[in-house]
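Letter by letter, the sequence shown follows residues 8 to 142 in our numbering.
No residue lacks a Cβ here, since even glycine has one placed at the ideal position from N, Cα and C.
Working notes for the structure below.
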Amino acid sequence: EAGDWVPNIYGGRENLEAVDFLRHLNAVTHERFPGTLIVAEESTAWPQVSRPTWLGGLGFSMKWNMGWMHDTLSYMSKDPVYRHFHHDLLTFGLLYCFTENFVLPFSHDEVVHGKGSMLDKMSGDDWQRFASLRL
């Protein structure tokens with residue numbers, strides 16, 4: 008029926024035409040404008056996002072490390088007295104940090120639509136919150 012999901016030719020859920028489009032777009036952009044930085048905002052664990060197209064990747068220059076951002080914000084929101092119980096939030100990203108060319112972002116999405124400012128996410132009084140934000 009109309010609107011029903013249809014698997015690709017390999018039986019998977021990937022939109023192969025979209026993948027080909029991204030690979031082509033990135034390859035042409037890098038070819039015509041050497042040194043261009045193309046950053047992917049990708050949160051699905053799609054493999055080889057920042058790998059060159061000639062090596063089978065999508066061809067982006069870098070990929071946002073959204074997990075790092077969420078883990079870091081979670082760690083920084085903890086009371087400094089208890090942060091040492093949560094160092095795993097800071098070290099977990101080391102397990103995969105070399106699998107892509109990552110950029111470490113703080114997304115604007117974290118401070119819009121009533122989510123509060125970065126300062127509001129910190130724990131403690133004003134002095135402690137500003138100190139944590141500077142960290």
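Are residue i and residue j close, meaning C-beta to C-beta below 8 Å?
i    : j    : result
F67  : A47  : yes
F109 : N72  : yes
L142 : L126 : no
E49  : K70  : yes
V56  : E107 : yes
T43  : T36  : yes
Once you ignore the five residues that flank residue i on each side, which residues in its own chain have a CB closer than 7 Å to its CB?
i    : result
N33  : I45, T60, L65, G66, F67
S153 : The chain is shown only over 8 to 142; residue 153 falls outside these bounds and no answer can be derived.
For residue i, which residues in the same chain have their Cβ closer than 8 Å to its Cβ, ignoring the five residues on either side in sequence?
i    : result
L97  : D78, T79, Y82
H120 : none
R20  : W12, P14
Ignore the nearest five residues each way along the sequence and tell me which others in residue i's own chain have a CB closer than 6 Å to its CB.
i   : result
W75 : G100, L111
L23 : N15
G10 : none
So if DSSP puts residue i in a beta bridge, which residue, or which two residues, is it bridged to?
i    : result
F137 : In the DSSP output, where bridge partners are listed per residue, F137 has none listed.
A47  : K70
Inset, instruction - For the segment 55-73 and the segment 84-91, state whether three or more C-beta atom pairs, one from each stretch, are separated by less than 8 Å. - result: With a cut-off of 8 Å, the segment 84-91 and the segment 55-73 do not count as touching, because too few Cβ pairs lie within range.
Inset, instruction - At 4 residues or longer, and completely inside the segment 60-89: list those alpha helix (DSSP H) runs for me, N to C. - result: 73-84
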